[in-house]
Amino acid sequence: MDWFGTIMTTHSPRTLPGFSFLIVGLALAGPACTGFINGDENGDADTTGDADTTGDGDGDGEDTTIYAIQQGASDGSFPDKTQVTVKGVVVTSPVDAEKGLVFVEEPMGGEWSGISLYLWDEVVMAAQLQPGDIVDLVGEYTEFYETSQIIIKNPGDLVVVGSVGSDGLPGPDIVNAADVARDNPAAEPWEGVRVRINDAVIQASNDGFGQYLLVGDALVGNAFVDPLPKVAIMGSFASVTGPLHYSFNEWKLQPAVASDLDGYTGPPTPVEDTSIYDIREGNVPQGMVVLLENVVASSGLTWSNDPEAAFYVQEPGGGANSGIRVLVSNKSGLEVAAGDDVTVAGLYTEAFGVSQIAIADASAVTVNSSGPSPAPEVIADPASLIAGGSMAEQFESVLVQVENVTVTNENPDAPEEYGEFEITGGLRVNDEFFAIADWMKPAMGASFASIAGVLEYSYEVYKLDPRTNADLVAN
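Residue 51 in numbering that gives the first Met the number 0 sits at position 52 of the sequence shown; the count goes up by one each step and never skips.
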């Protein structure tokens with residue numbers, strides 16, 4: 000239920016499933032992560048597990064194909080660190096000289112046909128590879144942080160034997176964005192393969208590392224085209240083409256040249272009002288640009304020290320399926336408060352199971368008028384709002400209230416601390432709208448006459464998010 004999850008705070012990383020790759024990237028960027036993994040596509044001091052970057056290969060290896068290597072890597076039948084000889088494969092990307100990164104592919108393309116090479120410095124300087132070159136190579140096949148690659152150490156072990164030119168590259172094989180989604184294990188056969196996504200709609204114009212996120216949860220990286228062209232949320236490309244790379248535990252399509260990003264069109268203008276009820280009841284397809292007219296804000300912006308934030312809106316009539324999350328890429332200049340009558344134009348998406356409207360900035364929100372906060376829906380049984388509860392899904396992103404509850408666990412994530420506590424019925428209460436200094440963590444057994452808040456879903460857990468201290472009424 001959460002594409003970007005709930006917006007990152009310095010004290011609540013668990014509330015950001017969609018941004019978990021940021022945390023992974025930072026974790027791998029330390030001294031232990033030296034190698035051919037470029038999740039942020041820049042700033043890695045080293046790009047191989049070997050400290051030395053010059054040397055001699057042994058000039059010989061087991062004759063094989065990329066198909067055999069990749070299929071064998073998948074089922075465990077091709078041993079890691081095998082010296083291989085591969086002939087007649089086609090270069091499908093430029094060389095990233097800083098990282099020694101280049102992709103090659105079998106001429107016939109298809110699943111299991113591509114792989115990345117890691118070139119030692121002297122090989123980079125000597126080879127002068129171009130897309131379309133046909134090469135014979137000798138190197139060591141290895142799996143580095145689950146990325147399949149062949150390490151080439153000696154300039155004599157990479158020989159250009161011909162060229163098909165840039166118009167003769169293998170493929171591209173056509174895939175859907177969901178087929179190569181950043182966390183989709185079923186994307187494995189396409190690793191290193193030149194693929195194309197048609198009708199690629201921008202869900203996020205910058206994931207924090209200068210990459211695009213597409214509807215369907217596919218990433219577009221910037222290893223070779225850096226920076227990527229400026230785009231807007233809801234804009235689209237007729238097609239995006241490039242080898243599929245795996246780094247920092249994520250799949251990402253890497254355009255080789257600017258023309259691999261073809262036919263950009265800006266965001267369409269929505270012309271018809273859409274009901275939140277229709278969205279939440281499954282009557283609106285994902286990837287649609289929608290217009291929510293005269294809905295009421297049930298919250299202000301979530302707390303964040305980053306540009307991204309979110310707020311919640313619901314239909315004035317309230318009730319089941321009346322609420323939805325609005326994700327804002329850049330909150331600068333946006334002022335919205337609970338009770339505001341607003342109109343929002345944005346991209347409807349479902350990610351990690353959360354329904355949301357993605358917008359770029361304040362220009363997508365019109366505050367028509369201000370008024371009192373909507374009354375919360377009183378839910379008699381807090382247990383009905385937890386995962387698997389009878390009312391949880393339908394009241395996702397709706398302002399609700401539970402009454403006469405007691406703290407049953409003051410830190411359900413112990414020994415970690417994510418600013419949450421648990422109350423009667425197993426329902427969690429979260430600090431999404433609070434800075435650390437402003438958040439109250441009650442003691443075990445503390446009782447409340449009522450707790451109101453927006454019902455959030457992240458990390459497969461439903462959580463009640465009070466908006467201010469006034470939403471927590473102690474006995």
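In this text, a Cβ means the ideal position worked out from N, Cα and C, and glycines have one as well.
The DSSP assignment places 65–74, 120–126 as complete runs of the alpha helix (DSSP H) inside the segment 62–144, in order along the chain (cut-off: 4 residues).
Considered as a whole, the segment 141–167 harbours no complete run of any alpha helix (DSSP H) with no fewer than 4 residues. Cβ atoms of Arg195 and Val230 stay farther apart than 8 angstroms, at about 18 angstroms.
Out of Ala319, Tyr458, Asp178, Thr407, the CA that lies nearest to the CA of Val353 is found in Tyr458. One thing to note: Val200 has its Cβ within 7 angstroms of the Cβ of Gly286. Assignment of Asp172 by DSSP, reduced to helix, strand and coil, places it in the strand class.
Looking at the DSSP output, Thr342 shares a beta bridge with Thr365. Relative to Val224, the option among Gly318, Asp182, Asn282, Val94 whose CA is nearest is Val94. When C-alpha distances from Gly332 are compared across Ile323, Val366, Leu346, the shortest belongs to Val366. Just so you know, the alpha carbons of Tyr461 and Ile356 end up roughly 19 angstroms apart. Judged by DSSP in its simplified three-state form, Asn468 adopts helix. Excluding the 5 residues flanking it on each side, Ala126 has same chain C-beta neighbours closer than 6 angstroms at Leu157, in chain order. Gly424 sits in a helix when the DSSP states are folded into three classes.
Per DSSP, reduced to three states, the secondary structure at Arg181 is coil, with no helix or strand assignment. Within the segment 230–279, the runs of beta strand (DSSP E) at least 3 residues long that lie entirely inside it are, in chain order, 235–246, 249–252, 260–264. Per the DSSP secondary-structure output, Glu314 pairs with nothing in a beta bridge. When DSSP states are grouped into helix, strand and coil, Ala186 belongs to the helix group.
Taking Pro226 as reference, the option from Met233, Glu121, Ser204, Ser235 with the minimal CA-CA separation is Ser204. As far as DSSP is concerned, Glu415 takes part in no beta bridge. Between the segment 438–458 and the segment 394–407, the count of Cβ pairs shorter than 8 angstroms is three or higher; the stretches touch. Judged by DSSP in its simplified three-state form, Gln202 adopts strand. In terms of Cα proximity to Glu292, the closest of Ala67, Val428, Val364, Gly109 is Val364.
Ile133 is positioned such that its CB atom lies closer than 7 angstroms to that of Val160. For the set Asp120, Phe247, Met443, Glu392, the Cα lying nearest the Cα of Ser147 is the one of Phe247.
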